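Novice: Just dropping this structure here.
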Amino acid sequence: MTGTAAAGFARDRDDLLARLDAGPLDPPMVVGLDLRGVDLSGRDLSGVLFNGVDLSDARLAGARLAGAVFLAVALRGADLSGARLEGAVLARSAQLTRDAAAAALPLEADRDLGPEVVEALRAAGYAGYQAGATSLAGASLRGADLSRARLEGVDLTGADLSAATLSGAGLAECALDGARLDRATLGETELDRCTLAGASFIDAELAAVTLIGVELAALDLSRARLVRGLRAPNQDLRRAALPRDLAGGDLTGANLAGKDLSGFDLRGCKLDAADLDGAQLASAELGGASLRGASLRGARLAGAVLSGADLEGAALERANLDGARLDGACLERADLTGANLSGCDLSRARLRDARLRGALLAAATLRGTELTGADLTEASLLDATLDGAELRRADLSGARLARAALVGVDLSHAVLAGADLAGARVAGGRLRGADLSGASLRGAALQRAQLAGATVAGADLSGASIEQTSLLGLDLRGVRLPGARLARSSLVEARLAGMDLSNAELRDCDLSRADLRGTKLDGADLTQASLAGADLGGASLVSARLGVANLTGASLRGARLAGADLSRACLDGASLARADLGGARLDEAMVRKADLSGARLEGASLAHADLSHADLSGADLSGADCRAANLHRAITARARWEGAKLEGARGTDPERARAEDWRPPTSL
1 MTGTAAAGFA
11 RDRDDLLARL
21 DAGPLDPPMV
31 VGLDLRGVDL
41 SGRDLSGVLF
51 NGVDLSDARL
61 AGARLAGAVF
71 LAVALRGADL
81 SGARLEGAVL
91 ARSAQLTRDA
101 AAAALPLEAD
111 RDLGPEVVEA
121 LRAAGYAGYQ
131 AGATSLAGAS
141 LRGADLSRAR
151 LEGVDLTGAD
161 LSAATLSGAG
171 LAECALDGAR
181 LDRATLGETE
191 LDRCTLAGAS
201 FIDAELAAVT
211 LIGVELAALD
221 LSRARLVRGL
231 RAPNQDLRRA
241 ALPRDLAGGD
251 LTGANLAGKD
261 LSGFDLRGCK
271 LDAADLDGAQ
281 LASAELGGAS
291 LRGASLRGAR
301 LAGAVLSGAD
311 LEGAALERAN
321 LDGARLDGAC
331 LERADLTGAN
341 LSGCDLSRAR
351 LRDARLRGAL
361 LAAATLRGTE
371 LTGADLTEAS
381 LLDATLDGAE
391 LRRADLSGAR
401 LARAALVGVD
411 LSHAVLAGAD
421 LAGARVAGGR
431 LRGADLSGAS
441 LRGAALQRAQ
451 LAGATVAGAD
461 LSGASIEQTS
471 LLGLDLRGVR
481 LPGARLARSS
491 LVEARLAGMD
501 LSNAELRDCD
511 LSRADLRGTK
521 LDGADLTQAS
531 LAGADLGGAS
541 LVSARLGVAN
551 LTGASLRGAR
561 LAGADLSRAC
571 LDGASLARAD
581 LGGARLDEAM
591 VRKADLSGAR
601 LEGASLAHAD
611 LSHADLSGAD
621 LSGADCRAAN
631 LHRAITARAR
641 WEGAKLEGAR
651 GTDPERARAE
661 DWRPPTSL
């Protein structure tokens, strides 16, 4: 220990001032002195430990107090304006006492003191520590530098911290009621369980300030300047006056229920698990914000920007998001039951397994939106744009999609039972395995759509335009198709038995192996359609147009084709037994090996038709035009030819017959 140290601690203010005039204090401690009103302005007191000192009304303006420690020190009314307190510690902590009975802790309890200092304190008569308090109530700290300072349990009631710097400072359980922090700089500052009633932050610069356990009901930060986000996790902010710029802040778990945050800047803000029920967020900026698990029931977010926001698992029941931007947002497993999303931009948003029952999405934009497994039961998507949307396994039962644009949409295995898709445009859509039972597609346009394996029982496709669409193997019985146009579509192995398809447009359609038994196709346009192997037994095709159609191997037993146009059609191997073809046109048709036994062909036109090997036994060809027809090896037993025109008709060609009958010789 040096000689100064051996001399002990300063005994009074005069002794202290004399020691300071002589140089740095050794040991650097001021203990138990009454220094009220002392003038220490501009003094260098860096690293000095003050314990149990009364510095009330002292003048410390411009003093250098970096790293100084104030334990149980009274600084009420003191002037510390412009003082340098970087890294200083101010705490209520323990006050040194000479009263052994009052001492709650021994001197050795403070591990920051070395053995020499402890010995010096003991030599000065100190027995230990008792409870104490540090107060700067009413003190002036204008322009003071408190960077990285620690203030624990300090009374700063009514203190003037105007233009002070508190960057990196930590204030725990401090009283700042009525304190002035106007124009103060608080960067990375932490306010833990502090009281701030009536504190003023006018033009204060807040950068990543953390508020923990702070009562904010009477706190007004509305005039503060937020450079970087405010940190107030799990705080009740309902009555706090917040700055409009909260971008980048951390309000995790905060209570903001019913709060008016209209137009606030909350970009990049952390609001996970926050309570925003009934909050007003109209036109608020929430781009990139995190609201995972947040509650926004009944919140008003009309016109808000939530582009790229994370709302996974958020509760948004009955929220109003009219015209909001949610492009690129994550809403997976979010609950949007009954929410208003009319006119919203949800392009590229992720709503996998989200709940949107009864939600309003009229005129919403959902381009490339992920809605796999989403519940859209009874949702309204009138005039919505869903181009490229993923709706696999989504439930759209009873949903309204009238006039919606569904270009390139994936509705594989989706449920659309009872949905209204009237006037909707489904181009390039995938509806494999989808349930469209009872759905309305009146006037809808389906182009290049895939419906293989879909369920369409009771669906209404009246007036629909279906082009290049796959209806492979579908059971279309009970589907309403009056006025529907099915051009270049695949109905291979489709079941249409007993349906009324009168006047239907089926040009270029592939109905190979389709079940059309008893189907009514009167006046239907089947030009260039393929009905190879189809079963049309008992069907009615009166006046139907089947020009250039392929009916190879088709079954038309007992079918009614009176007045039908089968010009240049291929009926090779078809079964037309007892069919009614009265007045039908089969000019240049290929009817080779067809079964026309017992068929009615009165007045039919078979000019240039190829009937070679056809079975015409018992057929009635009265008045038929068979000019230039090929009847090579046709079976004509019991056929009626009264009034038939047979000019140029060719019978069996002997040479051709011999060639047909030729068999290679058997080897001996």
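Quick note: the sequence shown uses UniProt numbering, first residue 1, plus one each step. Glycine included, each C-beta is placed from N, C-alpha and C at the ideal position. The structure presented is a predicted model; accordingly, all values stated were derived computationally and were not measured.
(1) So, using beta-carbon positions, are ASP595 and SER575 closer together than 8 Å?
(2) Taking three-plus beta-carbon pairs below 8 Å as touching, is the stretch 16 to 23 in contact with the stretch 76 to 84?
(3) So, with DSSP's three-state summary, where would you put ASP610?
(4) Classify THR519: buried if its beta carbon has 16 or more other beta carbons within 10 angstroms, exposed otherwise.
(5) Report the residue from HIS413, ALA329 and ALA579 whose alpha carbon sits nearest the alpha carbon of SER617.
(6) If we cut at 8 Å on Cβ distances, does VAL407 have a partner in chain B?
(7) I'd like to know whether the C-beta atoms of ALA637 and ALA624 end up nearer to each other than 8 Å.
(8) Quick one: residues in its chain with C-beta nearer than 8 Å to the C-beta of PHE264, no 5 flanking neighbours on either side, listed in chain order?
(9) Could you spell out where the alpha helix (DSSP H) holding ARG658 opens and where it closes?
(10) Could you tell me the boundaries of the alpha helix (DSSP H) in which ARG19 lies?
(11) Mapping the DSSP letters down to three states, classify ARG239 as helix, strand or coil.
(12) Looking at the ligand FMN, does it come within less than 7 Å of GLY303, judged from the CB to the closest heavy atom?
(13) Starting from GLN447 and walking both ways along the beta strand (DSSP E), at which residues does that stretch end?
(14) Determine the direct distance from the alpha carbon of ALA66 to that of ALA5, and round the result to whole angstroms.
(15) By DSSP's criteria, GLU152 is part of a beta bridge. Which residues make up the other side?
(16) Between which residues of its own chain and ALA424 is the CB-CB distance below 8 Å, once the five residues before and five after are set aside?
(17) Which of the three DSSP states, helix, strand or coil, is assigned to residue 690?
(18) Give the straight-line distance between the Cα atoms of residue 688 and SER347, rounded to the nearest whole angstrom.
(19) Sorted by chain position, which residues of the same chain lie with C-beta nearer than 7 Å to ALA619's C-beta, five sequence neighbours on each side aside?
(20) On the DSSP letters alone, give me the boundaries of the beta strand (DSSP E) that GLY187 sits inside.
(21) Assign ARG297 to buried or exposed, taking buried as 16 or more other Cβ atoms, counted over all protein chains shown, within 10 Å of its Cβ.
(22) Does the beta-carbon distance from LEU628 to ALA607 come in below 8 Å?
(23) Determine the direct distance from the alpha carbon of SER56 to that of GLY47, and round the result to whole angstroms.
(24) If you check the beta carbons only, do ALA539 and SER567 fall under 8 Å apart?
(25) Within a Cβ cutoff of 6 Å, which residues of the same chain sit near GLY3, ignoring the five residues on either side of it in sequence?
(26) Just mark GLU660 as buried or exposed, buried being the case when its beta carbon has 16 or more other beta carbons within 10 Å.
(27) Is the CB-CB distance between ALA497 and LEU516 below 8 Å?
(28) With respect to the beta strand (DSSP E) encompassing ASP192, which residues constitute its N-terminal and C-terminal limits?
(29) Under the rule that 16 or more other beta-carbon atoms within 10 Å means buried, what is SER135, buried or exposed?
(30) Pick from VAL409, LEU391, SER412 and ALA417: whose alpha carbon is nearest that of SER397?
(31) May I ask you to report which of helix, strand or coil DSSP gives ARG122?
(32) Just confirm the distance between the C-beta atoms of ALA204 and ARG183, as a whole number of angstroms; I'd bet it's less than 8 Å.
(33) Following the continuous beta strand (DSSP E) through ILE212, name the residue where it begins and the one where it ends.
(34) Assuming LEU96 and LEU75 form a contact by the criterion Cβ under 8 Å, report the distance between their Cβ atoms to the nearest whole angstrom.
(35) Would you kindly report the start and end of the unbroken beta strand (DSSP E) that includes residue 732?
(36) Indicate whether ALA569 and LEU546 have their beta-carbon atoms separated by less than 8 Å.
Specialist: Taking the coordinates as given:
(1) yes
(2) no
(3) strand
(4) buried
(5) Looking from the CA of SER617, the closest CA among HIS413, ALA329 and ALA579 belongs to ALA579.
(6) Of the chains in the structure shown, none is chain B; there is only one protein chain.
(7) no
(8) LEU242, ARG244, ASP245, LEU246, LEU281, ALA284 and GLU285
(9) 654 to 661
(10) 13 to 22
(11) coil
(12) Questions concerning the ligand FMN fall outside what the structure shown contains, since it holds no ligand whatsoever.
(13) 445 to 447
(14) Its pLDDT being 38, under 50, ALA5 is placed unreliably by the model, and nothing is read from it.
(15) ALA91 and ALA172
(16) Short of 8 Å from the beta carbon of ALA424, and not among the five residues preceding or following it, lie these beta carbons of its own chain, in chain order: LEU401, ALA402, ARG403, ALA404, ALA405, LEU406, LEU441, ALA444 and ALA445.
(17) Only positions 1 to 668 of the chain appear in this structure, which leaves residue 690 out of reach.
(18) The structure shown does not extend to residue 688, since the chain is modelled only from 1 to 668, so the question has no answer here.
(19) LEU596, SER597, GLY598, ALA599, LEU601 and ALA639
(20) 185 to 187
(21) The residue in question, ARG297, is buried, as its Cβ has 16 or more Cβ neighbours within 10 Å.
(22) Reading off the sequence, residue 628 comes out as Ala, not Leu. Closer than 8 Å, so yes.
(23) 20 Å
(24) no
(25) Caution is warranted here: a pLDDT of 36 is assigned to GLY3, below 50, making its placement in the model unreliable, and the coordinate value is therefore given only provisionally. Within the same chain, GLY3 has no close Cβ partners at all.
(26) The residue in question, GLU660, is exposed, as its Cβ has fewer than 16 Cβ neighbours within 10 Å.
(27) yes
(28) 190 to 192
(29) buried
(30) Distances from the CA of SER397 to each of VAL409, LEU391, SER412 and ALA417 were compared; the closest alpha carbon is that of ALA417.
(31) helix
(32) Distance from ALA204 to ARG183 at the Cβ level is roughly 6 Å; contact confirmed, criterion being Cβ atoms closer than 8 Å.
(33) Per DSSP, ILE212 belongs to the beta strand (DSSP E) from 210 to 212.
(34) About 17 Å separates the two Cβ atoms, so there is no contact after all.
(35) Outside the shown range of the chain (1 to 668) lies residue 732, about which nothing can therefore be said.
(36) Closer than 8 Å, so yes.
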